[in-house]
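Residue numbers (this note's numbering): 17 to 522.
Next comes the structure, spelled out in structure tokens:
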């Protein structure tokens, strides 16, 4: 959240863009996935700008040098974590020792306001760090001493006292994240750019949420997984995807008035201007896989909460599904196996859906992802983080499909990434989203994720040496040509009619 992020906002403005979509900004889990976060509420401490901590007097200036020599195009997570966490710990110690009174009051106010999730998160992360330091690097909370795993009151009180300083550090880092993020968001909003967040539907099994609220998840009596999330065979995998996330006990959520979900959505709408809700179809029906199964093929469909969840969210957060209401701040990721029932739920919730151009060219003129089949209530992407980059996709596309692309778009395909960006911009979709890799014309080496893989994913990053002046100029030209330049009012799906850049947050 340092100078590069602010520079990126300025670059978006120069390119006539009105929105910046980011991946989930929570902590990372196995395989460095942002979809396996240790909390559904906490931000990723690794995103904290250390230079701002120096400016506030919580970190010495020489902590930023020498340059650790991180690579320009790949995130080396092990190196980044070691470098940053060492310095974040120094900052936490200095704040405790010498924080100014006004800063302490703001910090204490934050802790009180976020107590509903922050106390559990801080203790969870502190206990996890202690377990890992003892050599149990691969343990989960179910492997902790039984009294802690079961959250017995006396055990929690003892652990909180023993780990008081560590817990305070985790709370401090969350406060730093929140303050820096909201400053960045305010700057972006002031320049006419909104931020689109990404809310994963599921949480990590090793998370503060599952540990603190086991009654809300479909678990065995000892807290271990009974069933897990995934999807049946699809575009990305012939054997489906075995995600391994715990599934919700939706009846338990209903009995509690969907309070956990209301809190989660309230938190997301505070951090972001718009929120993309991941795997929307799981709210209508989700794929349940036995925890002991080797693949997703052994799963079965189970009913989700349906309209009841969205009715509760809208009532609690004043998000009514009308064309010009704040309810338009939510985008439904309705990709995958979409049935009429899923479409009906999205329509009832009043949410725009998604279309991905890379899925369009299968020879069927009725393909829902072809632009002539779009409705206005749509967000179109050239590709998503789960897709190959457009140049990589094009290279692997069979000749017959390439011919269809050429005929449909009336192009030669020499600059296929710009051809798809133009097609998305020219469509009737309310918003058009372009991954940064496509703007830069990068090949498969820059792919962000390969569903089903855990090696070499989630680590791509761009650097400013890849960006030339004409990139912003061409984006602005297309935005003007297709009437997608930002409107003057505050960013909403209605005012932010322009194109959108999907890029990692920095």
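We put the CB at the ideal spot given by N, CA and C, even for glycine.
Looking at residue i: is its Cβ nearer than 7 angstroms to the Cβ of residue j?
i	j	result
residue 108	residue 188	yes
residue 79	residue 110	no
residue 211	residue 201	yes
residue 392	residue 446	yes
residue 395	residue 347	yes
residue 239	residue 158	yes
residue 427	residue 377	no
residue 213	residue 287	yes
residue 423	residue 91	no
residue 100	residue 62	yes
residue 525	residue 311	The first residue shown for the chain is 17 and the last is 522, placing residue 525 beyond what the model contains.
residue 399	residue 321	no
residue 425	residue 439	yes
residue 75	residue 106	yes
residue 241	residue 165	no
residue 270	residue 215	no
residue 390	residue 443	yes
residue 25	residue 207	yes
Give the single residue among the options whose Cα lies nearest to the Cα of residue i.
i	options	result
residue 405	453, 414, 247 and 426	453
residue 84	393, 294, 75 and 97	97
residue 482	314, 474, 200 and 462	462
residue 350	332, 334 and 372	372
residue 87	484, 501, 495 and 475	475
residue 264	246, 253 and 254	246
residue 228	367, 436 and 140	140
residue 222	143, 298, 190 and 268	143
residue 375	28, 328 and 436	436
residue 130	154, 186, 466 and 75	186
residue 497	18, 468, 31 and 205	31
residue 41	154, 90 and 190	190
residue 409	457, 369, 366 and 438	457
residue 53	118, 225 and 197	225
residue 21	181, 128, 197 and 182	197
residue 176	249, 386, 136 and 280	136
residue 204	27, 439 and 236	27
residue 18	156, 65 and 145	65
residue 248	295, 275, 388 and 284	295
residue 460	411, 165 and 485	411
residue 51	76, 419 and 467	467
residue 255	274, 469 and 416	469
residue 272	284, 250 and 329	329
Can you have a look at residue i and say buried or exposed, based on whether 16 or more other CB atoms are within 10 angstroms of its CB?
i	result
residue 34	buried
residue 39	buried
residue 300	buried
residue 8	Residue coverage of the chain in this structure runs from 17 to 522, which leaves residue 8 outside it and unanswerable.
residue 479	exposed
residue 317	exposed
residue 95	exposed
residue 289	buried
residue 114	exposed
residue 23	exposed
residue 305	buried
residue 340	Model confidence at residue 340 stands at a pLDDT of 43, short of 50, so the residue's coordinates are unreliable; what they give is reported in the following sentence. Classification for residue 340: exposed.
residue 344	buried
residue 414	exposed
residue 12	The chain is shown from 17 up to 522; residue 12 falls before or after that span and cannot be answered.
residue 362	buried
residue 499	exposed
residue 366	buried
residue 234	buried
residue 355	exposed
residue 495	buried
residue 231	exposed
residue 505	With a pLDDT of only 48 at residue 505, under the threshold of 50, the placement of this residue in the model should not be trusted; the figure read from the coordinates follows. Label assigned to residue 505: exposed.
residue 244	buried
residue 128	exposed
residue 138	buried
residue 388	exposed
Please find out if some non-hydrogen atom of the ligand NAP comes closer than 6 angstroms to the beta-carbon of residue i.
i	result
residue 410	The ligand NAP is absent from the structure shown, which contains no ligand whatsoever.
Worksheet item: Is the number of C-beta pairs between the segment 416–433 and the segment 478–489 that are closer than 8 angstroms three or more?
Response: Because the criterion of three Cβ pairs below 8 angstroms is not met, the segment 416–433 and the segment 478–489 do not touch.
Item to complete: Go through the segment 191–233 residue by residue and report every complete run of the alpha helix (DSSP H) that reaches 4 residues or more, in order.
Response: Every alpha helix (DSSP H) stretch that sits fully inside the segment 191–233 and reaches 4 residues is listed by chain position as 224–228.
Item to complete: Entirely within the segment 49–114 and at least 3 residues each: give me those beta strand (DSSP E) ranges in chain order.
Response: With a minimum length of 3 residues, no continuous beta strand (DSSP E) run stays inside the segment 49–114.
Worksheet item: Can at least three beta-carbon pairs, one atom from the segment 41–49 and one from the segment 123–131, be found at a separation below 8 angstroms?
Response: Look at the beta carbons and you see the segment 41–49 not touching the segment 123–131: under three pairs across the two are nearer than 8 angstroms.
Worksheet item: Using 8 angstroms as the threshold, is the segment 160–178 in touch with the segment 51–58, meaning 3 or more CB pairs across them?
Response: Result no; under three Cβ-Cβ pairs closer than 8 angstroms.
Discussion item. Does the segment 146–166 come into contact with the segment 69–76, if we say contact requires no fewer than three beta-carbon pairs (one atom in each stretch) closer than 8 angstroms?
Written reply: These segments do not touch.
Worksheet entry | Those runs of the alpha helix (DSSP H) which lie wholly inside the segment 258–338 and span at least 4 residues | At a cut-off of 4 residues, the continuous stretches assigned as alpha helix (DSSP H) that sit fully inside the segment 258–338 are 266–271, 275–287 and 323–333.
Worksheet item: What runs of the alpha helix (DSSP H), each 4 residues or longer, lie entirely inside the segment 442–484?
Response: When DSSP assignments are scanned along the segment 442–484, the uninterrupted stretches of alpha helix (DSSP H) that are 4 or more residues long and fall wholly within it turn out to be 452–456.
Fill in: In chain order, each alpha helix (DSSP H) run of at least 4 residues that lies wholly inside the segment 112–187
For the segment 112–187, whole alpha helix (DSSP H) runs of length 4 or above, ordered along the chain, are 117–129, 131–149, 162–165 and 169–178.
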